[in-house]
Amino acid sequence: MLRRSLWGFAGLLAAVPCALAGIGSVSLIDASGLEFLINTDVTFATSSNASGAALDAAFTGAVAATTSGGGTTSTALTDAFNGYSNLFVDGTGYNLNGAVEFVCDGREIEFAPQTIGSLRVQRKVFVPDDDSFCRWLNIIKNNGGDTTASLLILNNLGSESDTVIAATSQAPLVATTADDWVVSYEDYTAGKSPDPRLSHVFQGPNRRQGISSITFANGNGQPFWEYEIDINAGATVIVMNLVSGQPSIAEAIAKAEELALVPETAVACLSDTERSQVVNFDVTEPTCTMTSSSSNPTNLTTIPVTVTFSEPVTGFTKTDIVPTNATVKNFDGSGAVYTFNLVPLSSGLVAADIGSGVAEDAGGNPNREAETFSRSLDGIGPTVAMSSTTPEPSNITRIIDVTATFSEPVSDFTAADITLVNCTLEGFAAASKAYTQFDFRLLPARITGQVGADIAAGVAHDAAGNPNSAAEPFRHTVGPGFSCIGTTTSKAAPSKASLAEIAPIAAVMLILSTAAYRRKKN
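Right, here's the structure in full:
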């Protein structure tokens, strides 16, 4: 639910002086009835009412609140804040007037950016529709050189001087930089139960950067904490804060513990990029990839696969791998790297899938689904056949055009792989870009008889590495003739034979002529 309202001077914190022409706020209410009023239009701000701060939080209806006597009472808990999560960057308050944008189905308020020195500062405030917390994204982009920025979060609690720390994440009732959260409440008076019990969550386990100081003590209704954030030139970082209001201390502690571990509701509407930019919580989901040293297609009967997560994970087992037309064997590994063998059941597509949420990192973030790993199993080698369009028989002057055709593309077939019979070879070349056809020409080395070519097994291989089977021998009959016309290729126009081509014919004619002369003389 969204509701715009205008708050006047009477609604402001009296403990911190301020001069305001008026404050515009937006109401975000969740299913529990907890309403957060977020400042959106502040004409003059103090630490109690800066843009994006929560002016107040209250339950809109009665809840079962605990009492000082250990019982419960039905009452509407109100006045959680007099100004919460006010942001100061390098000593300058974030405070921008003007319209805001509503995103994430109206559950998030996106404020305009403000320039502070070389930093571009922007805020987003989110309240889910079915959970009792409010989240701030403090987005800092560094438009200058490498720097360390100071982010100060100032708060003004409705409990004021009656503020009591109920618990911290490290157990002692004294907040330190080692704590991830603090739970506070207003000291009970005469059995009353006035304010919501608050869960202040400012960092989480396995964070990259955290708070550098914190001031939060009993009797102090204006707690604050500071971050000293290292930001590389051109980089963007996000500091995330959360607060929850609950009817009881026990519920507030449970919610603080939950939010510190960042459940999915706590990162709703964050983009993948924003997740990667959050530095004070671990909200980045581990990614997962599968690779192999095997080719694709492959003829391996055991395909080695390596699974690599973007960070160490736990809970990943053999059963999390879903094979297709294969079985999974020899699973091993830990942390970020695992290995297994994918054993095909039959030729064709062999694949493996790893779904989302089967493993998690140290922060409890579930992994993302991996891209399907697949290989095409090809255990059959290519066949090859030779053919010719040159008429048979032909005479010694005729060059014989031959085409070798493989049943599938091969990568390593050369002229040296052809064994010649009574001829020489020229013009070897691939006749197709797919490397399934190769053309060459045979030049007869004898006047009559057979010339030919042979292609043995194993001289060429397909993409999977399978060797070819031997070709049927190619043979072509050459007979005596007296034509002085020859061709250089089957596609070339006829041309007069060269002297080299005519010489054998002339020799035959000379022999025959000599024999005839001797018979006549005798």
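In my numbering, each residue carries its 1-based index in the sequence shown increased by 1498.
Note that beta-carbon positions come from the ideal geometry of N, C-alpha and C, so glycine has one too.
State the DSSP-derived secondary structure class of residue i, mapped to helix, strand or coil.
| i | result |
| --- | --- |
| C1767 | coil |
| D1577 | coil |
| A1610 | coil |
| T1675 | coil |
| K1931 | coil |
| D1859 | coil |
| L1655 | strand |
| D1915 | helix |
| T1789 | strand |
| L1798 | coil |
| L1840 | strand |
| R1448 | Because residue 1448 is not part of the residues shown, which for the chain are 1499 to 2020, the question remains open. |
| E1906 | coil |
| A1824 | strand |
| E1483 | Shown here, the chain extends from 1499 to 2020; a query on residue 1483 therefore has no answer. |
| A1560 | coil |
| D1554 | strand |
| I2022 | Here the chain covers residues 1499 to 2020 and nothing more, so residue 2022 does not appear. |
| E1783 | coil |
Going by beta carbon distance, what residues of the same chain come within less than 8 Å of residue i, once the five residues before and after it are set aside?
| i | result |
| --- | --- |
| S1845 | L1875, D1876, G1877, I1878 |
| E1749 | R1695 |
| L1866 | Correcting the residue type first, residue 1866 is Arg in the shown sequence and not Leu. Result list for R1866: E1783, P1784, T1785, C1786, S1854, in chain order. |
Is it right to say residue i is buried, meaning 16 or more other beta carbons lie within 10 angstroms of its own, or is it exposed?
| i | result |
| --- | --- |
| A1560 | exposed |
| T1787 | exposed |
| E1890 | exposed |
| R1706 | exposed |
| V1594 | The residue asked about is misnamed: residue 1594 is Leu in this sequence, not Val. Buried, by the Cβ-count rule. |
| E1606 | buried |
| A1860 | exposed |
| G1950 | buried |
| D1910 | exposed |
| A1665 | buried |
| T1912 | exposed |
| A1857 | buried |
| N1828 | exposed |
Ordered along the chain, which non-local residues of its own chain (more than five positions away) have a Cβ less than 6 Å from that of residue i?
| i | result |
| --- | --- |
| E1608 | E1599, V1601, K1622 |
| V1777 | R1706, Q1707, V1735 |
| E1961 | A quick correction: the sequence has Ala, not Glu, at residue 1961. For A1961, where only same-chain residues beyond five positions count, the Cβ hits under 6 Å are P1795. |
| T1645 | I1729 |
| A1932 | P1907 |
| L1740 | F1631, R1633, V1699, L1757 |
CB-CB under 7 Å to residue i, same chain, minus the five flanking residues each way: which ones, in chain order?
| i | result |
| --- | --- |
| I1709 | T1675, F1700, Q1701, W1723, E1724, Y1725 |
(message) With a threshold of 8 Å, are at least 3 pairs of Cβ atoms found where one atom belongs to the region 1844 to 1856 and the other to the region 1814 to 1830?
(response) yes
(message) Taking contact to mean 3 or more Cβ pairs, one atom from each stretch, closer than 8 Å, check whether the region 1629 to 1642 and the region 1731 to 1739 are in contact.
(response) yes
(request) Kindly confirm or deny that the region 1797 to 1814 and the region 1828 to 1835 touch, where touching means at least three C-beta pairs closer than 8 Å. (result) yes
(message) Three or more C-beta pairs under 8 Å: does that hold for the region 1646 to 1663 against the region 1755 to 1775?
(response) no
(message) I'd like to know if the region 1940 to 1948 and the region 1915 to 1926 are in contact, where contact means that at least 3 CB-CB pairs between them fall below 8 Å.
(response) yes
(message) Does the structure place the region 1881 to 1899 close enough to the region 1964 to 1972 that three or more beta carbon pairs sit under 8 Å?
(response) yes
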